[in-house]
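Novice: Please find one structure pasted underneath; my questions will follow.
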Amino acid sequence: MEPAAEILVDSPDVVYGPEAIEARYEYRTTRVSREGGVQPTATSFTFRTARHVPRLGVMLVGWGGNNGSTLTAAVLANRLRLTWPTRTGRKEANYYGSLTQAGTVNLGLDGNGREVFVPFSALLPMVAPNDLVFDGGQSLGTGWGWDISSLNLAEAMRRAQVLDCGLQEQLWPHMESLRPRPSVYIPEFIAANQTARADNLIPGTRAQQLEQIRKDIRDFRSSAGLDKVIVLWTANTERFCEVVPGRNDTAENLLHTIQLGLEVSPSTLFAVASILEGCAFLNGSPQNTLVPGALELASQRHVFVGGDDFKSGQTKVKSVLVDFLIGSGLKTMSIVSYNHLGNNDGQNLSAPLQFRSKEVTKSSVVDDMVQSNRVVIKYVPYVGDSKRALDEYTSELMLGGTNTLVLHNTCEDSLLAAPIMLDLVLLTELCQRVSFCTDSDPEPQGFHPVLSVLSFLFKAPLVPPGSPVVNALFRQRSCIENIFRACVGLPPLNHMLLEHKMERPGPGIKPGEVVATSPLPRKKESTPATNGCTGDANGHPQVPTPELSTA
Numbered sequence: 001m002e003p004a005a006e007i008l009v010d011s012p013d014v015v016y017g018p019e020a021i022e023a024r025y026e027y028r029t030t031r032v033s034r035e036g037g038v039q040p041t042a043t044s045f046t047f048r049t050a051r052h053v054p055r056l057g058v059m060l061v062g063w064g065g066n067n068g069s070t071l072t073a074a075v076l077a078n079r080l081r082l083t084w085p086t087r088t089g090r091k092e093a094n095y096y097g098s099l100t101q102a103g104t105v106n107l108g109l110d111g112n113g114r115e116v117f118v119p120f121s122a123l124l125p126m127v128a129p130n131d132l133v134f135d136g137g138q139s140l141g142t143g144w145g146w147d148i149s150s151l152n153l154a155e156a157m158r159r160a161q162v163l164d165c166g167l168q169e170q171l172w173p174h175m176e177s178l179r180p181r182p183s184v185y186i187p188e189f190i191a192a193n194q195t196a197r198a199d200n201l202i203p204g205t206r207a208q209q210l211e212q213i214r215k216d217i218r219d220f221r222s223s224a225g226l227d228k229v230i231v232l233w234t235a236n237t238e239r240f241c242e243v244v245p246g247r248n249d250t251a252e253n254l255l256h257t258i259q260l261g262l263e264v265s266p267s268t269l270f271a272v273a274s275i276l277e278g279c280a281f282l283n284g285s286p287q288n289t290l291v292p293g294a295l296e297l298a299s300q301r302h303v304f305v306g307g308d309d310f311k312s313g314q315t316k317v318k319s320v321l322v323d324f325l326i327g328s329g330l331k332t333m334s335i336v337s338y339n340h341l342g343n344n345d346g347q348n349l350s351a352p353l354q355f356r357s358k359e360v361t362k363s364s365v366v367d368d369m370v371q372s373n374r375v376v377i378k379y380v381p382y383v384g385d386s387k388r389a390l391d392e393y394t395s396e397l398m399l400g401g402t403n404t405l406v407l408h409n410t411c412e413d414s415l416l417a418a419p420i421m422l423d424l425v426l427l428t429e430l431c432q433r434v435s436f437c438t439d440s441d442p443e444p445q446g447f448h449p450v451l452s453v454l455s456f457l458f459k460a461p462l463v464p465p466g467s468p469v470v471n472a473l474f475r476q477r478s479c480i481e482n483i484f485r486a487c488v489g490l491p492p493l494n495h496m497l498l499e500h501k502m503e504r505p506g507p508g509i510k511p512g513e514v515v516a517t518s519p520l521p522r523k524k525e526s527t528p529a530t531n532g533c534t535g536d537a538n539g540h541p542q543v544p545t546p547e548l549s550t551a
């Protein structure tokens with residue numbers, strides 16, 4: 001996948017300097033009082049985005065699992081431009097499923113009234129996924145992460161049974177030398193059926209394990225010559241860790257608990273180590289890794305954290321469909337979700353305490369819209385990574401009617417999760433380069449350490465204290481898209497298209513006139529079936545639409 005050409009915004013409010021893009025932006029919103037009054041407000045921002053793209057390393061906790069081995073394979077396959085035969089034809093490496101690589105930003109309308117779309121990386125400089133570093137510590141054959149299993153990445157890829165054999169064979173020599181670093185194993189936090197995998201462990205006390213993780217991060221950063229490291233948890237789902245005053249409720253208490261060797265989860269150990277090393281930490285599993293003490297530590301150190309639980313298949317569909325039902329004016333009364341899967345994630349979730357962690361996040365994705373939401377997960381080894389999801393949505397209609405939707409979804413679990421992991425890393429790194437100030441507060445600041453911008457990618461998104469939780473998928477995506485636009489001084493998309501809804505021609509637009517076309521790429525448009533009529537699908541006459549120039 002070729003890097004996108006940079007799009008420059010022609011505006012007096014935007015300055016493209018050698019070191020940064022600076023943009024003036026008017027943030028308009030409304031303030032609603034309890035008495036029913038509504039007051040429009042406006043705040044003038046100045047956004048600054050550093051243009052230098054750093055050398056970025058990623059460390060995955062659970063590198064040898066299905067998600068970790070699949071993401072590694074994806075980056076290598078794209079970097080090497082691999083193709084391979086399948087029974088339906090030859091396939092080539094791509095990053096489908098990635099918002100930042102396969103998604104687009106809507107720039108607005110061109111001279112012919114057509115929407116113009118460009119890749120996210122065309123607006124702001126981003127790390128290219130093929131440039132991600134995962135070859136640190138080559139003398140030991142290690143890098144890019146930790147795992148409690150000692151299998152090298154080629155063997156882990158074969159064990160995962162996610163990729164076609166033709167692709168595995170080409171990747172094998174490139175992945176065979178990659179071995180995970182030892183990881184932390186505390187048996188009571190994951191299912192007993194994971195014991196057989198646990199042969200690659202960090203010994204010692206909790207404090208010694210914490211120090212070893214920090215040493216691993218420093219070693220990776222130094223040996224690979226990295227500017228930044230981001231740590232992402234993609235290991236087993238853990239049971240919830242009880243939040244106890246005096247133990248993990250503050251940063252000081254959490255660090256003291258680790259020194260005393262009291263209860264702390266492996267994922268929280270990795271989070272604390274990452275924060276202390278100044279590395280962003282992202283939690284891709286459902287457990288409460290980021291306990292209050294960890295969040296306070298991140299705030300004190302000004303380090304980004306995000307979570308919880310990758311939003312990939314069934315839950316992503318749920319966040320769209322419930323938004324549709326509610327937005328249509330229906331009263332959604334209940335959702336019942338059933339899953340069965342056969343990968344190691346499914347085996348771990350067959351234990352009740354680990355299932356409870358997953359149940360919470362899969363249910364909470366529509367908490368702001370529906371109260372009755374039930375989830376069942378079963379382990380069926382035969383289906384492997386090809387997870388089955390069945391959902392029943394029941395809504396009340398007018399005058400006592402009932403509407404029931406039943407949906408079956410077959411998800412290639414790790415092939416959906418891997419591009420989400422990629423987006424999390426790339427968006428987090430970009431956010432580290434964005435700062436802003438307002439006219440009333442001219443001191444530059446960054447985003448809040450709890451990086452809620454990433455909500456689009458998580459089932460149970462973490463937000464700063466007192467912030468509203470938004471679960472509707474398209475509102476979450478619009479947040480990311482509009483922040484990108486704000487960084488280059490563009491107004492948010494409102495989809496009003498008022499210039500095309502006026503009785504008289506809008507400013508600068510004459511119906512049917514062919515004007516100079518934009519050179520920017522756009523999405524392909526399908527031609528609706530007209531049944532022999534001259535016009536649109538409903539037989540209405542239409543003005544002929546010229547093709548966009550590709551010059």
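Using the UniProt record's numbering, read the sequence shown as starting at 1 and increasing by one per residue.
Using N, Cα and C, we set each Cβ at its ideal position, and we do this for glycine too.
Within a Cβ cutoff of 6 angstroms, which residues of the same chain sit near Thr142, ignoring the five residues on either side of it in sequence?
Specialist: Unreliable placement is indicated for Thr142, whose pLDDT of 45 sits below 50; no coordinate value is reported for it.
Novice: Look at the alpha carbon of Ser467 and the alpha carbon of Ala298, and state the distance between them as a whole number of angstroms.
Specialist: 17 angstroms
Novice: Since Gly57 is in the beta strand (DSSP E), which residue starts that stretch and which ends it?
Specialist: 56-61
Novice: According to the neighbour-count rule (16 or more other Cβ atoms, all chains shown, within 10 Å of its Cβ), is Asp439 buried or exposed?
Specialist: exposed
Novice: Note down, in chain order, each residue of its chain lying with its Cβ closer than 8 angstroms to the Cβ of Glu19, except the 5 sequence neighbours on either side.
Specialist: Ala50, Arg51, His52
Novice: Can you give, in chain order, each stretch of the beta strand (DSSP E) that sits fully within the segment 224-269 and has at least 3 residues?
Specialist: Taken in chain order, the complete beta strand (DSSP E) segments of 3 residues or longer contained in the segment 224-269 are 228-233.
Novice: Answer with buried or exposed for Tyr25, where buried requires no fewer than 16 other C-beta atoms within 10 angstroms of its C-beta.
Specialist: buried
Novice: Check whether the Cβ atoms of Ser69 and Ala156 sit closer than 7 angstroms, and answer yes or no.
Specialist: yes
Novice: What are the residues that DSSP puts in a beta bridge with Val434?
Specialist: Thr49
Novice: Please state whether the Cβ-Cβ distance between Leu321 and Val305 is less than 7 angstroms.
Specialist: no
Novice: Any idea what DSSP makes of Asp391, helix, strand or coil?
Specialist: In the three-state scheme derived from DSSP, where H, G and I count as helix and E and B as strand, Asp391 is classed as strand.
Novice: What are the start and end residues of each continuous beta strand (DSSP E) run of 3 or more residues lying completely inside the segment 409-475, in chain order?
Specialist: 434-438
Novice: Identify which residue in Arg475, Arg218, Leu427, Tyr95 has its Cα closest to the Cα of Gly327.
Specialist: Arg475
Novice: Would DSSP call Glu155 helix, strand or coil?
Specialist: Reduced to three states, the DSSP call for Glu155 is helix.
Novice: Suppose you measure from the CA of Glu22 to the CA of Phe47; what does that come to, to the nearest Å?
Specialist: 6 angstroms
Novice: Output needed for Asp13: all residues of its chain with C-beta closer than 8 angstroms, excluding positions within five of it in sequence on either side, in chain order.
Specialist: Correct list, in chain order: Ala23, Arg24, Tyr25, Gly489.
Novice: Does the distance from the CB of Trp144 to the CB of Trp63 come in under 7 angstroms?
Specialist: yes
Novice: Count the other CB atoms within 10 Å of the CB of Gly17; is the residue buried (16 or more) or exposed (fewer)?
Specialist: exposed
Novice: Does the contact criterion of 3 or more C-beta pairs under 8 angstroms hold for the segment 94-105 versus the segment 185-200?
Specialist: No, because fewer than three Cβ pairs between the segment 94-105 and the segment 185-200 fall closer than 8 angstroms, the two stretches do not touch.
Novice: Does DSSP classify Tyr25 as helix, strand or coil?
Specialist: strand
Novice: Can you tell me whether DSSP reads Arg504 as helix, strand or coil?
Specialist: DSSP, reduced to helix, strand and coil, places Arg504 outside both helices and strands of the structure shown, so it counts as coil.
Novice: With H, G and I counted as helix, E and B as strand and the rest as coil, what does DSSP make of Leu397?
Specialist: If DSSP states are grouped into helix, strand and coil, Leu397 belongs with coil.
Novice: Any idea which residues DSSP pairs Lys91 with across the strands?
Specialist: Trp84
Novice: Within the chosen definition, does the segment 128-135 reach the segment 444-458 through at least 3 CB pairs nearer than 8 angstroms?
Specialist: no
Novice: Look at the alpha carbon of Ile420 and the alpha carbon of Leu71, and state the distance between them as a whole number of angstroms.
Specialist: 10 angstroms
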